[in-house]
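In my numbering, the protein residues as written are 56 to 433.
Every residue, glycine too, gets a C-beta built ideally from N, C-alpha and C.
Each remark here refers to the structure printed beneath this line.
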């Protein structure tokens, strides 16, 4: 960790990482990677590059905010958060809402490098696009089947969890590596500073590329939804739902593919045990937050309704958010659906038994969640 800090400070000529306390999280993460992850040489190189990149971004962002404190006054507009579990249609819904002319999102290039070197107000650097394209090609090379599981496109909106990574407090490490010590530590922490920093980074993005309203998406927020709503108190939370018998094994397969990029140690049964507990924790904490929060801030979307009538679901969401959905918005969404059919990049093949899972266990773990939202068996 000390070498990472020194290297990034030397490269940028900057020294202030911000007063948000990210260094304790980084120290825990680096220790867990070194002691538990069993990375390949390629995996070590990629993870070191990711951590170094995050530190460089923090240095640049802190320097920018020092020079332009007015950025902290930028209004993000109406915020829609898609906070369903993995594999429940969140990516489709995210990309459809992003197509609305009145809704902006975090582009893939921005998620990878929120503040390029030499960034100016109202302008993004083309270098970020090249870096994002190279990252996409690297994933395709290291895991050719990954695009069939989760299509990656730097021209599409990406999950804002990549911005939480700048605070080293997100589910990304445990979804891509075996880091149980870090995962346990993360669940015990107060995430307020990480979400405050997320809000600031979104303002930095708006400073570079002004927009109207904002759609965010990442399942991670389900675990800390109460903290998210403190940072974004007027947000509309859209929770998507699908049969856990389908979503949990599918996500375990996605994690296994992702971990295989960085390590030769991929234990499917361990992955399933970890993410069964984690996913149960996510839905339980979301239900608790919803019990305490303003019910008008939440909207439920069934995966099956989204597939049957995507335009109707888009209209329902935007109307609740107070955002228009006119003929132009509908036509753009319809064009996207026609150009991006389901399984465009191939069918994702997996079986729950590959991960030591069975229907009885999944039904038992998610019985309360299924009953609360009347989720059918698929």
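Taking each of 247, 296 and 167 in turn and checking the Cα distance to residue 338, the smallest one comes out for 296. With a 10 Å radius around the Cβ and a threshold of 16 neighbouring Cβ atoms, residue 294 comes out buried.
Every unbroken stretch of the beta strand (DSSP E) spanning 3 or more residues and falling wholly within the region 119 to 162 is given here in chain order: 134 to 137. Separation of the CB atoms of residue 109 and residue 221 is rounded to 5 Å, and the pair is thereby assigned contact status at 8 Å. Pairing residue 112 with residue 73 gives a Cβ-Cβ distance that is not under 8 Å.
In the structure shown, the three-state DSSP call for residue 275 is helix.
Here residue 355 is bridged, per DSSP, to 294. Of all alpha-carbon atoms in 358, 379, 428 and 328, the one lying nearest the alpha-carbon of residue 411 is that of 328. Going by beta carbons, residue 369 and residue 386 fall outside the 8 Å limit.
Here DSSP, grouped into helix, strand and coil, assigns residue 268 to strand. When only Cα atoms are considered, residue 152 and residue 158 end up about 7 Å apart.
In this structure, residue 361 keeps its C-beta atom at 8 Å or more from the C-beta atom of residue 160. According to the DSSP assignment, residue 250 belongs to the alpha helix (DSSP H) that extends over 247 to 263. For residue 292, the closest alpha carbon among the candidates 135, 384, 229 and 318 is that of 135. The beta-carbon distance between residue 334 and residue 140, rounded to whole angstroms, is 6 Å. This is short enough to meet the 8 Å contact definition. Approximately 17 Å separates the beta-carbon atoms of residue 167 and residue 149; this is outside 8 Å, ruling out the contact.
If you ignore the 5 residues before and after residue 231, its C-beta comes within less than 7 Å of the C-beta of 313, 314 and 317, all in its own chain and listed in chain order.
Below 8 Å, enough C-beta pairs join the region 341 to 355 and the region 272 to 285 to call them touching: three or more. A Cβ-Cβ distance of about 5 Å is found for the pair residue 254 and residue 286, placing them in contact under the 8 Å criterion. With respect to the C-alpha of residue 257, the residue from 106, 65 and 162 having the closest C-alpha is 162. In the same chain as residue 228, and ignoring 5 residues on each side of it, the C-beta atoms closer than 7 Å to its own belong to 84, 234 and 237, in chain order. By the Cβ-count criterion, residue 174 is buried, with 16 or more other Cβ atoms from all chains shown falling within 10 Å of its own Cβ.
Judged by beta-carbon spacing, residue 311 lies within the 8 Å limit of residue 323, meaning their Cβ atoms are closer than that value. Take residue 260, set aside five residues on each side of it, and the residues of its chain with a beta-carbon closer than 7 Å to its own are 161, 165 and 169, in chain order. For residue 308, the three-state secondary structure derived from DSSP is helix.
Residue 125 and residue 426 have their C-alpha atoms roughly 47 Å apart. Residue 212 is classed as buried because its beta carbon has at least 16 other beta carbons within 10 Å across all chains shown.
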